[in-house]
Structures are given as structure tokens and as C-alpha cells.
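Reviewing the structure listed below.
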Amino acid sequence: MSTVSLSQQQIADFQRDGVIVLRGVFRDWIDTLRDGFEQVLAAPGPFAIENVGNGEAGRFFEDYCNWQRIAPFSQFIRQSPAADLAGRLMQSQLVQIFHEHILVKEPGTAKPTPWHQDIPYYCVNGEQTASYWIPLDPVQADNTLRVVLGSHRWPKLVRPKRWASNENFFAGEDDYMEMPDVEDGSYTILAPEMQPGDAVVFDFRTVHGAAGNLGGNRRRAFSARFLGDDVRFEQRPGRTSPPFPGIDLHTGERMREDWFPVVWRAAN
């Protein structure tokens, strides 16, 4: 596994802001990831989602949990610098792969990715988490990932919603805050222009979203999500996303390594 330099200031920035931009670290992996995308698009997995309904323009496609059957994604997870960088940013002694996720917004797609945190949808809890957002096409300010700095330190998690209907994702849960108006000028939003090979890395608790893709080019993004030392299983009040049926864990237990292998350990 290759190693990329990472400064103490970058680690401190990630811990403070819940997000960091890394420039050019995955240039050598873009063709591999594009190959994986084409394999998934040709044969989507069981969790594939089409987010654009009848009568809406464009296409917003997602799929996840395919890395064990899509060789290019497995190669990226096990051989790229991603796990090593995640471990150092999280200040963790080990890193497990949680899952990967692809997002495709074709030209002329107005559908946005709503503001949200990832962790309320997941079957995990913990502070040592890292999610990559790696564009496979150039992105500008109007179609890039947008991230609210410091939102991983908010006192409560944001209530998860269903993107299509805005209904609550889980019924009967009150221990959440509603999403504030993060665009009212009170919050600092990171919206980087990026080239293939660049990456945004953020904490699972960090609020993020994205506009549609109204330009003339595709916007493909690959995510890989990693777990650190303190992450434990969390039983949610309903089907999580991803669902991981048959996981057979209880709240507070470590994530099973046969499903979520350790892909990096800190050097002694």
C-alpha cells in the first residue's frame, strides 16, 4: 500500500473542521475507478437507486456495497493510499472498510443531493470515521460537494430524512435536531473546485450536500467509507442505509471483520 505525506496541520484541520481537501493524491487511480463505475453501471447491485423520477430531467444514479464483486474498487480500497490517509486523519490504530458508494449525475440533472449527515442513516456510531468523495470528472463550484465546516461537533445529530419525500427516515425518534438553514450566512461552507485525483475527506457526522448538474458534462463521484478504533455497531429503529441484512450484531459491539475487513494498521 502506497504512502502519501500528511502534515500535522492537515490532521489538525480535519479534526477541527470535520473535512479536508487532498489535492492530486489519487491521480493514478482515476482510470481504475472509472473502470469500476462502468462495471457497476452495466450490472448494478441490489441496492442501486435511481433518484430522478418520471418527468424530471437527467439521471442521478447511486449504488453501493459492490466492492467485493467489483475488482477495481477492491483494488482501490486495499492498495491505494486511502486507508492509510484515513487512519492518520482519524488518529486511529486500525482502519476497517465500511462500504463504497458511487454517484452519477448526468448532464442536465437538476436533482440536488440534500443537506444531511451520513451517520444517522448508518448502523454505526463513533467519532473516528472518514468518508472520501473523489470526483472522476472536473467539478466546479456549482456542482461540487458542499460541506459545512465544524458540523461534526454539533451537539445533536440531524434528523435523517428520505430524500424524495422529506419524510422522517425512522419513525418515532426524537433525539435529533432539525437541519438548520445552513445557507443563511451563519455557517462556513466549503465548496471546492476539483480535478480528477483530488479528494474531499470528511467525518460521517459532517453535514454535506450538492447541487444538481446542469452543465454539459457528467459528474461521477466515488466514495469509500472507513471506520476507526472507536466505531461500534448501533441498532437504529428501522432499516439503515446501507441495510446490511443479517449482520447479527448488538449495539456497542465492534464491527465484524469478516464483513468489514481491517485494511490498514498503524506501524508500531
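Residues in the sequence shown are numbered consecutively from 352, following the numbering used here.
No residue lacks a Cβ here, since even glycine has one placed at the ideal position from N, Cα and C.
- With fewer than 16 other Cβ atoms inside 10 Å of its own Cβ, Thr539 counts as exposed.
- Per DSSP, the beta bridge partners of His452 are Tyr415, Ser574.
- Counting along the chain, Leu392 sits inside the alpha helix (DSSP H) bounded by residues 381–393.
- Per DSSP, reduced to three states, the secondary structure at Pro593 is coil, with no helix or strand assignment.
- Taking Asn405 as reference, the option from Ile470, Ser425, Pro397, Thr460 with the minimal CA-CA separation is Thr460.
- Taking a C-beta distance under 8 Å as the contact criterion, Pro432 and Val355 qualify as a contact pair.
- Along the segment 506–583, the alpha helix (DSSP H) does not occur as any fully enclosed run of 4 or more residues.
- Assignment of beta-bridge partners to Arg410 by DSSP yields no partner.
- As a beta-bridge residue in DSSP terms, Pro486 pairs with Ala572.
- Of the candidates Phe449, Ser574, Leu508, Ala422, Ser574 places its Cα closest to the Cα of Pro486.
- Burial check for Pro506: the Cβ neighbour count within 10 Å stays below 16, so the residue is exposed.
- Pro423 places its beta carbon less than 8 Å from that of Gly387.
- Judged by beta-carbon spacing, Cys474 lies within the 8 Å limit of Phe595, meaning their Cβ atoms are closer than that value.
- A distance below 8 Å separates the beta carbons of Gly579 and Ser443.
- Contact fails between the segment 586–606 and the segment 491–505, because fewer than three Cβ pairs, one in each stretch, are under 8 Å apart.
- Secondary structure of His467 (DSSP, three-state): strand.
- A direct Cα-Cα distance of roughly 30 Å separates Asn402 from Pro612.
- The beta carbon of Cys416 is closer than 7 Å to those of Gly396, Phe398, His450, Pro593 in its chain, skipping five residues each way along the sequence.
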